[in-house]
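Worksheet: the structure to be examined is printed underneath.
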Amino acid sequence: MTRRPAAEMPPLVLPVEPDPELEALPAPRRPGRTLTLATMSVTALLAVGMAWAIRGEARYALHKGAPTSLGNLSELEPRADLANTWVQGEALLGSAKAVRYERPLEGGDSYRLAPIAGNDRIWVQVRVPKNMEGPRFVPPTSFVGRMIPFSQAGIRYGGLTDAATTASGGKAPSGAWLLIDGEAPTTTRWSLGLIALFVGFAAFNVWGLARLLRPAEG
2 MTRRPAAEMP PLVLPVEPDP ELEALPAPRR PGRTLTLATM SVTALLAVGM
52 AWAIRGEARY ALHKGAPTSL GNLSELEPRA DLANTWVQGE ALLGSAKAVR
102 YERPLEGGDS YRLAPIAGND RIWVQVRVPK NMEGPRFVPP TSFVGRMIPF
152 SQAGIRYGGL TDAATTASGG KAPSGAWLLI DGEAPTTTRW SLGLIALFVG
202 FAAFNVWGLA RLLRPAEG
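Structure representation (structure tokens):
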């Protein structure tokens, strides 16, 4: 005679009554979590903002081909299709409104910003080699570089608008354009890597925020 195994009894589950005293307790404070969420949110926004701010340099870096010849810049009426393009032109620089300035980490070189003689709507930034400022510096008459409206100069050249305004007697040049002599598309390729870095920062922080804000399972 074979013996059948006894049927297994299901585990006894007792209902758990909520404790009114525990429910009455305030939610625990989490200053560290709040600070982390705020920091990650600000970092993501700043990263997106910086990527947006240098988008013009990134588009210019993708330019292919030879610069567009504009001929005599003193007779040029800037067109919308010339914005953020690589151009070449000839003209004399006006000396009455020229502005000299320097930038850090430039090896002692300085810069000069001046309007085209006879055409105040176009201003040119030229680089002056070290120890050449003054009577020894002869401004070039042919320029090759990036052309962009002052209103779209971005954070790198934002201060030039104020410089041109000061040089013009406190009156901002209406609809003025900037030609950055010597800035070829290859010189702004750093912006592509920088934008990728900023986008990576933003994506990482958004992913982290989603993980922290996701409700706990169970």
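This note's numbering numbers the first residue of the sequence shown as 2 and each following residue consecutively.
From the three backbone atoms N, C-alpha and C, an ideal C-beta is built for every residue, glycine too.
{"Check": "Rounded separation between I132 and R147 - CA only", "Outcome": "Here residue 132 is Asn; the residue named in the question, Ile, does not match the sequence. When rounded, the distance between both Cα atoms is 26 angstroms."}
{"Check": "Bridge partners - F144, DSSP secondary structure assignment", "Outcome": "G90"}
{"Check": "First through last residue of the beta strand (DSSP E) which encompasses V129", "Outcome": "120-129"}
{"Check": "L94, buried or exposed, once every other Cβ within 10 Å from all chains shown has been counted against 16", "Outcome": "buried"}
{"Check": "Within 7 angstroms, strictly: CB atoms of M41 and G209", "Outcome": "yes"}
{"Check": "Helix, strand or coil at Y61 [DSSP, three-state]", "Outcome": "helix"}
{"Check": "Helix, strand or coil at S42 [DSSP, three-state]", "Outcome": "helix"}
{"Check": "Continuous alpha helix (DSSP H) stretch holding R212: start and end", "Outcome": "191-214"}
{"Check": "Local Cβ density within 10 Å of T187, reported as buried at 16 or more and exposed below that", "Outcome": "exposed"}
{"Check": "Nearest-angstrom Cβ-Cβ length linking T44 and H64, presumed shorter than 8 angstroms", "Outcome": "So it is not a contact: roughly 31 angstroms between Cβ atoms."}
{"Check": "Three-way DSSP call (helix, strand, coil) for A168 in this model", "Outcome": "helix"}
{"Check": "L46 classed as buried or exposed, judged by whether at least 16 other C-beta atoms fall within 10 angstroms", "Outcome": "exposed"}
{"Check": "Range covered by the beta strand (DSSP E) that runs through G95", "Outcome": "Counting along the chain, G95 falls outside any beta strand (DSSP E), and DSSP gives it neither H nor E."}
{"Check": "Cβ separation of T162 and F151, assumed to be a contact under 8 angstroms, to the nearest whole Å", "Outcome": "5 angstroms"}
{"Check": "Sequence-distant residues of its chain with Cβ nearer than 6 angstroms to A168 (five each side left out)", "Outcome": "K98, V100"}
{"Check": "Start and end residues, beta strand (DSSP E) containing N73", "Outcome": "69-73"}
{"Check": "I149 vs L74 beta-carbon contact at 7 angstroms", "Outcome": "no"}
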